[in-house]
Each structure stands twice: as structure tokens, then as C-alpha cells.
Amino acid sequence: MNFNPQIPEWGKEFTNNSQEELIKYHSWIKNTGIKSGLISPKSDQFIWDEFVIHSLYFYKIIFDLNLLNIDIYDLGTGGGIPGIPVGIVSNNTVNLIDIKQKRIFELERFLATHKHNNIKALKADAEIIIQKQENSIFLMRCYMPKNDLIKKLKKYMLNNKKNTFIVSSKANNADINVEAFHVKQEKFLINKDEYRFIDVITVK
Ligand SMILES: C[S@@+](CC[C@H](N)C(=O)[O-])C[C@H]1O[C@@H](n2cnc3c(N)ncnc32)[C@H](O)[C@@H]1O
-15 MNFNPQIPEW GKEFTNNSQE ELIKYHSWIK NTGIKSGLIS PKSDQFIWDE FVIHSLYFYK
45 IIFDLNLLNI DIYDLGTGGG IPGIPVGIVS NNTVNLIDIK QKRIFELERF LATHKHNNIK
105 ALKADAEIII QKQENSIFLM RCYMPKNDLI KKLKKYMLNN KKNTFIVSSK ANNADINVEA
165 FHVKQEKFLI NKDEYRFIDV ITVK
């Protein structure tokens, strides 16, 4: 099957000038990313739909909430998913956070080559970053499930930091409100017929 770098209707508004850079990232992750173990081998189309397009929906949420000048932290970024596609389509500062130095080296090389000056890669423990930052946006894709995150926020009493958490989800759960947190689920298409879910958690 031919590779089709499609953009769903919901993404057209904010990807107009970025398609070329998104395709360059796709090309890097499918070559260097697989060779250096950032991701496991996958087809070109899978990488585009599940990694690039899925990542763009994290930005769609930021765009719709009008959180345009707020720093973003992509926790457990791995190969820069979702932080790199988000940084490509936005002007927000995006910090890619991973505990593994080798991943940070690979990401730094990519960012320097492609001059993505609003995106930075940092070796750090995500748990420390969550405790330190306020007025920030945290992205988590395949890093920590929503319920574990809420337990941690309660444990560290982080209900007054004005942060927004955007977390990938496997399940289709109805909207729930958990004590001091407001949780809203978004369902979206990554291609013609496959749906995915993302939870948005904000302090009430
Ligand atoms: C399953 S991968 C997900 C990668 C990427 N977000 C994605 O969706 O493909 C989880 C990543 O979290 C990183 N990680 C694990 N514990 C961490 C921690 N405490 N702080 C920062 N990164 C961590 C791992 O090194 C790994 O790259």
C-alpha cells in the first residue's frame, strides 16, 4: 500500500505551513528512530497515523483551549512523540523530557539539524518536573495512565498549580470529575476510520 501523509479535517487549520517539516520528522523517526531503538519497526503509514497524526491532536486541544503562550512539557517523550509534531505546528516552547540520556542525544541531534529552536530536549525525571512547574501544559503519550497521574497529583497535593495535563487513553470512558480535577475525554479520527482517545485534566 502506498504511503499517504494524510491530514484529517480537524488538523488542516493549523498544519498548512508545516507539512514539509512533519514529513521530515516522519522520515527521521522511521530511519534513525528505528535504527537507534527510539521506536520499534513499524510501517510508514502506521508511523504517520499513530505517531504524527495522533501527536497533532494533542496540539488541537491546546489550540482550542487557546493556551498559546504557555510552556509545554512532553513527559516520557521517547522519540519525541507527541512533543516534536506539537513543536513543529506551534510557537509554544516545547520541552522534551526523558530519563534516558541516549534518547536525549538522538533528539538533540535531530533538533539541531532541523533548526527547531522552540523545541528543547532535557534529561530529567518527569516526576520532579510535575512537582516543580506551574502554569504549564504536560503531554503524556503512553507514559502514565490518567488514574495513576491523578493519584500522584493528590499525593503531592498538586491541585493548586494551574497546570493542564493532556494524556493519551486506551479506553472510551464517559467524562468523570475527580475531586479537585476536571477530566474531559476527546475522541478523534487518526485516519479515515480509526478513533483514538485523549483525556484532558485541569485543576478545577
Ligand atoms: C512507552 S515510552 C513512550 C514514548 C513516547 N511518549 C511515545 O508515545 O511513543 C515511555 C518513555 O518514558 C521514559 N521514562 C520512563 N520513566 C521516566 C521518568 N521517570 N521520567 C522521564 N521519562 C521517563 C522512557 O525512557 C521512555 O522513553
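In terms of the numbering used here, the sequence shown opens at residue -15 and continues consecutively.
We put the CB at the ideal spot given by N, CA and C, even for glycine.
Residue environment, residue i, which counts as buried when at least 16 other CB atoms sit within 10 Å
i      : result
Lys14  : buried
Lys44  : buried
Tyr41  : buried
Gly17  : buried
Ala244 : In the structure as shown, the chain begins at -15 and stops at 188. Residue 244 is therefore absent and cannot be evaluated.
Ile112 : exposed
Met141 : exposed
Ligand 1 heavy atom lying under 8 angstroms from the CB of residue i
i        : result
Ala110   : yes
Gly71    : no
Ser152   : yes
Asp177   : no
Arg87    : yes
Gly62    : yes
Ile81    : yes
Arg125   : yes
Leu59    : yes
Pro66    : yes
Ile23    : yes
Lys84    : yes
Phe172   : no
Phe122   : no
Phe(-13) : no
Phe35    : yes
Close-in-space but distant-in-sequence residues of the same chain around residue i (CB under 6 angstroms, 5 per side omitted)
i       : result
Tyr127  : Leu59 and Gly60
Glu170  : Ile182
Phe(-2) : Phe47 and Val73
Lys29   : As written in the sequence, residue 29 is Gln, which differs from the Lys given in the question. Answer for Gln29: Phe(-13), listed in chain order.
Glu5    : Ile72
Test item: CB-CB of residue i and residue j under 9 angstroms
i       : j       : result
Glu178  : Asp33   : yes
Ile65   : Ile23   : yes
Asn53   : Asn76   : yes
Leu95   : Lys107  : no
Ser153  : Lys130  : yes
Gln3    : Pro(-8) : no
Gly71   : Arg87   : no
Gly(-5) : Ile37   : yes
Phe165  : Met124  : no
Ile134  : Ile174  : no
Gly67   : Ser39   : yes
8 angstroms CB neighbourhood of residue i in its chain, flanking five on each side removed
i      : result
Gln117 : Asp55, Tyr57, Lys145 and Asn147
Within-9 angstroms CB hit, residue i to chain D
i      : result
Gln169 : Structure shown: chain D not included; a single protein chain is present.
Nonlocal neighbours in the same chain, by C-beta distance under 7 angstroms from residue i, ignoring five residues either side
i     : result
Lys8  : His98
Trp12 : Phe94
Check your understanding: Of all the alpha helix (DSSP H) runs that stay within the bounds of the region 4 to 57, which reach a length of 4 or more residues?
Key -> 38 to 48
Check your understanding: Unbroken alpha helix (DSSP H) runs of length 4 or more, entirely within the region 101 to 139: which are they?
Key -> 110 to 116 and 130 to 139
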